[in-house]
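These notes are about the structure you will find just below.
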Amino acid sequence: MSNKLVYIGGVAYWMTPEGSFTAVEMKDGVPVEHIVIKRR
503 MSNKLVYIGG
513 VAYWMTPEGS
523 FTAVEMKDGV
533 PVEHIVIKRR
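Numbered by the working numbering, the letters in the sequence shown go through residues 503 to 542 in order.
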(Lines of atoms letter the chains of each structure in order from A and count residues from 1; the text may use other names and numbers.)
(Lines give C-alpha, C1' and ligand atoms only; values in the text may rest on other atoms or scores of the structure.)
Protein backbone atom coordinates (compact mmCIF):
# COMPACT_ATOMS: atom_id res chain seq x y z
CA MET A 1 0.00 0.00 0.00
CA SER A 2 1.29 3.48 -0.76
CA ASN A 3 1.02 6.89 0.85
CA LYS A 4 -2.07 8.97 0.13
CA LEU A 5 -1.95 12.72 -0.40
CA VAL A 6 -4.44 14.48 1.91
CA TYR A 7 -5.10 18.13 2.67
CA ILE A 8 -5.79 19.26 6.23
CA GLY A 9 -6.63 22.93 6.63
CA GLY A 10 -5.27 23.64 3.15
CA VAL A 11 -1.89 22.05 3.93
CA ALA A 12 -0.75 18.90 2.12
CA TYR A 13 0.29 15.80 4.09
CA TRP A 14 1.16 12.22 3.23
CA MET A 15 -1.01 9.70 5.08
CA THR A 16 1.09 6.57 5.52
CA PRO A 17 -0.34 3.02 5.51
CA GLU A 18 0.22 2.97 9.30
CA GLY A 19 -2.11 5.99 9.66
CA SER A 20 0.48 8.65 10.52
CA PHE A 21 0.81 11.99 8.71
CA THR A 22 4.02 13.57 7.41
CA ALA A 23 4.52 16.97 5.80
CA VAL A 24 4.74 17.04 2.01
CA GLU A 25 7.85 18.37 0.30
CA MET A 26 6.85 20.49 -2.70
CA LYS A 27 9.14 20.96 -5.71
CA ASP A 28 7.96 23.42 -8.37
CA GLY A 29 4.41 23.11 -7.01
CA VAL A 30 4.39 19.31 -7.31
CA PRO A 31 4.38 17.05 -4.24
CA VAL A 32 7.46 14.82 -3.91
CA GLU A 33 7.00 11.31 -2.53
CA HIS A 34 10.02 9.77 -0.82
CA ILE A 35 10.51 6.08 -1.41
CA VAL A 36 12.26 3.86 1.11
CA ILE A 37 13.93 0.74 -0.25
CA LYS A 38 14.57 -2.03 2.25
CA ARG A 39 17.17 -4.66 1.50
CA ARG A 40 17.12 -8.15 2.91
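We put the CB at the ideal spot given by N, CA and C, even for glycine.
Ends of the beta strand (DSSP E) at residue i?
| i | result |
| --- | --- |
| Glu535 | Here Glu535 belongs to no beta strand (DSSP E), and DSSP marks it neither H nor E. |
| Glu527 | 527–529 |
Would you report the Cα separation of residue i and residue j, rounded to the nearest angstrom?
| i | j | result |
| --- | --- | --- |
| Lys540 | Phe523 | 21 Å |
| Arg542 | Thr518 | 22 Å |
| Val538 | Ile510 | 24 Å |
| Ile514 | Ala525 | First, the amino acid is wrong: residue 514 is Ala here, not Ile. Each residue's alpha carbon lies about 7 Å from the other. |
| Gly531 | Leu507 | 14 Å |
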